[in-house]
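There are 2 protein chains.
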Amino acid sequence: MEEPNDDMNKTATEYSQKMGVKIFDIESKALISILHEKDARELGVFPLERIELVCPRTKKRVVTVIDTTKSMVKIDQIGIFKDVQKILGLKEDDELMVSPSLQPESVRFIKKKLRGLELTPVEITAIVNDIAQNRVSEIEASAFMAAVYIHGNTLPEIVAMTKALANGGERLQLSKTPVVDKHSIGGINGRVTLVLVPIMASAGVYIPKTASRSITSAAGTADAMEVLADVELSVAQIKQITEKIGGVICWGGGVELAPGDDKIIKIEHPLSLDPEGQVIASVMAKKFAVGAKYLIIDIPVGPDMKVDNREKAEAMAKRFVEVGKRLGMKVEVALTDGTEPLGRAFGPALEAKYALETLEGKRFDNLGEKACELAGLLLELCGKAPKKKGKIMAKNILQSRKAHKKMLEILKAQNGKVFSSEKVPMAKLKATVIAQGDGVIANMNVKRLVEVARIAGAPGDAQAGVLLLVEKGNTVVKGQGLMEIYSNNKQKLDLAKKYALESSGLEPQQLILQEIM
Amino acid sequence: MEEPNDDMNKTATEYSQKMGVKIFDIESKALISILHEKDARELGVFPLERIELVCPRTKKRVVTVIDTTKSMVKIDQIGIFKDVQKILGLKEDDELMVSPSLQPESVRFIKKKLRGLELTPVEITAIVNDIAQNRVSEIEASAFMAAVYIHGNTLPEIVAMTKALANGGERLQLSKTPVVDKHSIGGINGRVTLVLVPIMASAGVYIPKTASRSITSAAGTADAMEVLADVELSVAQIKQITEKIGGVICWGGGVELAPGDDKIIKIEHPLSLDPEGQVIASVMAKKFAVGAKYLIIDIPVGPDMKVDNREKAEAMAKRFVEVGKRLGMKVEVALTDGTEPLGRAFGPALEAKYALETLEGKRFDNLGEKACELAGLLLELCGKAPKKKGKIMAKNILQSRKAHKKMLEILKAQNGKVFSSEKVPMAKLKATVIAQGDGVIANMNVKRLVEVARIAGAPGDAQAGVLLLVEKGNTVVKGQGLMEIYSNNKQKLDLAKKYALESSGLEPQQLILQEIM
Chain A
62 MEEPNDDMNK
72 TATEYSQKMG
82 VKIFDIESKA
92 LISILHEKDA
102 RELGVFPLER
112 IELVCPRTKK
122 RVVTVIDTTK
132 SMVKIDQIGI
142 FKDVQKILGL
152 KEDDELMVSP
162 SLQPESVRFI
172 KKKLRGLELT
182 PVEITAIVND
192 IAQNRVSEIE
202 ASAFMAAVYI
212 HGNTLPEIVA
222 MTKALANGGE
232 RLQLSKTPVV
242 DKHSIGGING
252 RVTLVLVPIM
262 ASAGVYIPKT
272 ASRSITSAAG
282 TADAMEVLAD
292 VELSVAQIKQ
302 ITEKIGGVIC
312 WGGGVELAPG
322 DDKIIKIEHP
332 LSLDPEGQVI
342 ASVMAKKFAV
352 GAKYLIIDIP
362 VGPDMKVDNR
372 EKAEAMAKRF
382 VEVGKRLGMK
392 VEVALTDGTE
402 PLGRAFGPAL
412 EAKYALETLE
422 GKRFDNLGEK
432 ACELAGLLLE
442 LCGKAPKKKG
452 KIMAKNILQS
462 RKAHKKMLEI
472 LKAQNGKVFS
482 SEKVPMAKLK
492 ATVIAQGDGV
502 IANMNVKRLV
512 EVARIAGAPG
522 DAQAGVLLLV
532 EKGNTVVKGQ
542 GLMEIYSNNK
552 QKLDLAKKYA
562 LESSGLEPQQ
572 LILQEIM
Chain B
62 MEEPNDDMNK
72 TATEYSQKMG
82 VKIFDIESKA
92 LISILHEKDA
102 RELGVFPLER
112 IELVCPRTKK
122 RVVTVIDTTK
132 SMVKIDQIGI
142 FKDVQKILGL
152 KEDDELMVSP
162 SLQPESVRFI
172 KKKLRGLELT
182 PVEITAIVND
192 IAQNRVSEIE
202 ASAFMAAVYI
212 HGNTLPEIVA
222 MTKALANGGE
232 RLQLSKTPVV
242 DKHSIGGING
252 RVTLVLVPIM
262 ASAGVYIPKT
272 ASRSITSAAG
282 TADAMEVLAD
292 VELSVAQIKQ
302 ITEKIGGVIC
312 WGGGVELAPG
322 DDKIIKIEHP
332 LSLDPEGQVI
342 ASVMAKKFAV
352 GAKYLIIDIP
362 VGPDMKVDNR
372 EKAEAMAKRF
382 VEVGKRLGMK
392 VEVALTDGTE
402 PLGRAFGPAL
412 EAKYALETLE
422 GKRFDNLGEK
432 ACELAGLLLE
442 LCGKAPKKKG
452 KIMAKNILQS
462 RKAHKKMLEI
472 LKAQNGKVFS
482 SEKVPMAKLK
492 ATVIAQGDGV
502 IANMNVKRLV
512 EVARIAGAPG
522 DAQAGVLLLV
532 EKGNTVVKGQ
542 GLMEIYSNNK
552 QKLDLAKKYA
562 LESSGLEPQQ
572 LILQEIM
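Okay, here's the thing in structure tokens:
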């Protein structure tokens, strides 16, 4: 179908109506505004249709769907929820210019992708911008993600998407070099980043790490870091802290670096969609936007990981390196073992505590090992360490507690709340899952453990999660504790325990080798 | 990923909190309720997460997403918008049982469809029910529709979807026979149904026509009928009117007949997605639910129609007949000409007026002709007319004004507002598009004319639309009026005229043969 062209959209916004603002103390996440029925009719818009709001004072604009009312707002007044207020930077006595918003052109490009056709860079850019600026609805954005999931992306599409995401926001310009970065394709627990960043910063390189919140895991790095310190930093703060201390760990969604990415994550979330092309573009856009020149990508491979086999991992790795090349970055990809938990913790607070214990020298297991290996590769990549010497350098930094000291500096710079693993706040409620028989722990299913932690409330409840009491290979006897489940909500705790014990999820039998040794 | 199983969902709802109700005078279409931040924390839910509300008095339940507030509702009180109030049948002094709602199992089946796998009838049923009952979000439902659009549906999937849609609501049980029905796959203008239903009812058969509102066209039959009479009837009213008068024309979305269908239409709407399997299931479910035994399906075929070639139309026709057979219905499919407008009107009021004029004997063109042809086929199919005699019978009923008299009875029974083509209310504003040169009208692009009508505000503004002043083959001179555009909104009228004149849409040149005769 021919859609109205871009020129028409511009024309539509020439007409607008000035309105007073009434702010409602409601957090909705969805972008909604409320018009009096008469104004809606006057503007020619109906519930669920879109209007564009422009604030002449702050110069910000946003597109929202409308609800209508006969009594909640007056004529010539528009009702605004907190989320829209925040975007527009509104005060109660502001006025807004309100106009109908036609369907953006990018809806036609989404339809093209649904038909399985390759999109041009211009079309990709239009879609990414319209998602970032809320000009397309969640229904439209979801159909786009489904189409990308099913049809995949070409390399030129990924490069275009990366640039569109990166150019849609601010760019970090550090005055120091080398700027390095690290990213792990999710699926595994354990907060390697909380150990790796202070190691790198101690080695004299600059790592402005913008981390994500959880999509399908029990905790994202941002969720875990938030237990310890502020993670919503401005671009100016990231610059200042990184230049001074060498590293920062903040939430990527909290800054205007590739802001479209977080809208996309929100859409992918409910169905756990993360098509390869989108994952690569999302990651590379954030790295491009912070000005990273050296980048290590960790792809955990395992039957329950996002990337479930080696072949897929290698193909993905090649695309990462290629996209990096086209953006002027040196990228190395490490395929890592995704068949076992990293450390023993699942959930923001528990994983933050575990990483702190590793930095404090109280623990050193596969989590610390992996952090040193990845840090080592990155040190070699940016020329700070000779080939094959990176890991030793990283391990020395960790074991000498230099990394721990650096972490305390970072926490302090980020307005830290917790500076010791012993001070990490714990959930009110705890349940222990015990072995139903004797045996040996032959296998641990990371995905099911994540599921238990999520049912317990993680990551929304930061203190919810799972702490394993056993390791792979351990011999256990009937009645012995296998894991502790933490939650602040009784019903979620009960459900998680039930799931761990009885449901299709994690059963103790599955933790235990079937035949007794 | 393993999801919590159904048993767990049941467990989750065992826990609930009793709350008072505060009703907000807001129409939102989306299902939202507002919790005090403290209650949300207590329940362990966060903005955009879902809760289930049960009203002990009305025994109704609904799943909504939540917004949170510090001040708009009190602790132990839940804020409800009009749409949720309506579903639950709530009064201000009602109490609700509120509990967290886990992600329904059908989200896993949606993911399966995204992967391109065939769904079982049980899985299809779960998805349809969860969409109908708002247990899956719009994001999830949209991804499902995209997957169906891309991967298609198998015949067993279509049959399962049809039954699930039909069984999700009430069923109409008429005491009279034969019960017939008609459906047209959209894309073309002209309200054949408004002419056909009174013809059939005059012939002594029963036609409880539940019509749709527009998805991608300038007007649906329900939109046009609503200009003349009430279209939101109860199942009891449909039964009573049809049994007494022989026919009814109401909005299918206004009754509890296959209610899931209208949720699906709402999701398909923004992207104009209507995958074949979904179209067949939606149509057949409505027909099955009204108890139709004889059904004629009209598929307009043309380059700009939903079905753009004969091969596709024939394949679709076979599936309609086959699904009908499995549901115990006799189905005949007519492939019709979709290359020319039906009559001259586009838009609810203009099309309603045009159909009335046809019934009143003031017009007889391809619109009346088609109504008689389809009515004729239906009369033959149900045995009211001998083979090859149906059209003559239908034409006699129309030309003798019996159909007109019957239409007035139907309008009266449906609380009619307008009983004459001369009384149809017209838009405040009108613009005339004139020929930019001399020529002959060689071609009319239905899709672009629909687009002009939609930009003018149709079907949301029922009086908006297009009335053609010329027909295919007419000779026109420079300055002669080609079409009138109607709207109640100045900016939409201007945009529509601009689109008709200049844009990629309808240009006068395209209406006019390039060489002067």
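Sequence lines, in order, name chains A and B. In terms of the numbering used here, the first sequence is residues 62 to 578. In terms of the numbering used here, the second sequence is residues 62 to 578. Think of the CB as a built atom: it goes at the ideal place given N, C-alpha and C, for glycine as much as any other residue.
Residue pairing by DSSP places residue 492 of chain B opposite B/546 in a beta bridge.
Relative to residue 361 of chain A, the option among A/79, A/472, A/246 and A/277 whose CA is nearest is A/246. If you draw a straight line from the Cα of residue 144 of chain B to the Cα of residue 483 of chain B, it is about 36 Å long.
Residue 514 of chain B is positioned such that its CB atom lies closer than 8 Å to that of residue 407 of chain B. Contact note: residue 153 of chain B does not reach chain A at a C-beta cutoff of 8 Å; the least C-beta distance is about 14 Å.
In the displayed model, residue 134 of chain B falls within coil according to three-state DSSP, outside both helix and strand.
Residue pairing by DSSP places residue 528 of chain A opposite A/406 and A/545 in a beta bridge. Interface annotation, residue 328 of chain B: in contact with chain A, CB-CB separation under 8 Å.
Between residue 544 of chain A and chain B, the shortest Cβ-Cβ separation is not below 8 Å. A straight-line Cα-Cα distance of about 20 Å links residue 219 of chain B and residue 231 of chain B. Spatial neighbours of residue 89 of chain A in its own chain (CB-CB distance under 8 Å, excluding positions within 5 residues in sequence) are listed in chain order as 142, 143 and 144. Think of a sphere of 7 Å around the beta carbon of residue 521 of chain A: the chain B residues whose beta carbon falls inside it are 107, in chain order.
Closer than 9 Å at the C-beta level to chain B, one finds these residues of the stretch 191–208 of chain A: 197, 198, 199, 200, 201, 202, 203, 204, 205, 206, 207 and 208. Residue-level contact by beta carbon fails for residue 139 of chain B and chain A, as no gap is shorter than 8 Å. Distances from the CA of residue 177 of chain B to each of B/165, B/215, B/115 and B/150 were compared; the closest alpha carbon is that of B/215. The three-state secondary structure of residue 339 of chain A, taken from DSSP, is helix.
Just measuring C-alpha positions, the residue of A/100, A/187 and A/253 sitting nearest residue 437 of chain A is A/253. For residue 132 of chain A, the closest Cβ of chain B is nearer than 8 Å. Within the model, the alpha-carbon separation for residue 529 of chain A versus residue 228 of chain B is close to 47 Å.
Per DSSP, the continuous beta strand (DSSP E) segment holding residue 398 of chain A begins and ends at 391–398. Counting only Cβ-Cβ distances below 9 Å, residue 518 of chain A has contacts in chain B at 105, in chain order. A straight-line Cα-Cα distance of about 51 Å links residue 202 of chain B and residue 446 of chain A. In the three-state scheme derived from DSSP, where H, G and I count as helix and E and B as strand, residue 533 of chain A is classed as coil. Residue 283 of chain B sits away from residue 296 of chain B, with the two beta carbons spaced by 8 Å or more.
Annotated three-state conformation of residue 231 of chain B is coil, per DSSP. At least one beta carbon of chain B lies nearer than 8 Å to the beta carbon of residue 86 of chain A. Secondary structure note for residue 358 of chain B: its beta strand (DSSP E) is the uninterrupted segment 355–362. Under the three-state reduction of DSSP output, residue 194 of chain B falls in the coil class, being neither helix nor strand. Ranked by how close their Cα comes to the Cα of residue 303 of chain B, the residues B/358, B/269, B/137 and B/321 have B/269 in first place.
Contact with chain B is found for residue 172 of chain A, since one of that chain's Cβ atoms lies less than 8 Å from the residue's Cβ.
For the pair residue 161 of chain A and residue 112 of chain A, the CB atoms are nearer than the 8 Å cut-off. Remark: fewer than three beta-carbon pairs, one from each stretch, lie closer than 8 Å, so the stretch 497–505 of chain B and the stretch 375–394 of chain B are not flagged as touching.
Residue burial annotation: residue 491 of chain A is exposed, with fewer than 16 other C-beta atoms found within 10 angstroms of its C-beta. Below 8 Å, enough C-beta pairs join the stretch 128–143 of chain A and the stretch 76–84 of chain A to call them touching: three or more.
Against chain A, the beta carbon of residue 168 of chain B has neighbours under 8 Å at 331 and 332, listed in chain order. Proximity of residue 90 of chain B to chain A, defined by a Cβ-Cβ separation below 8 Å, is satisfied.
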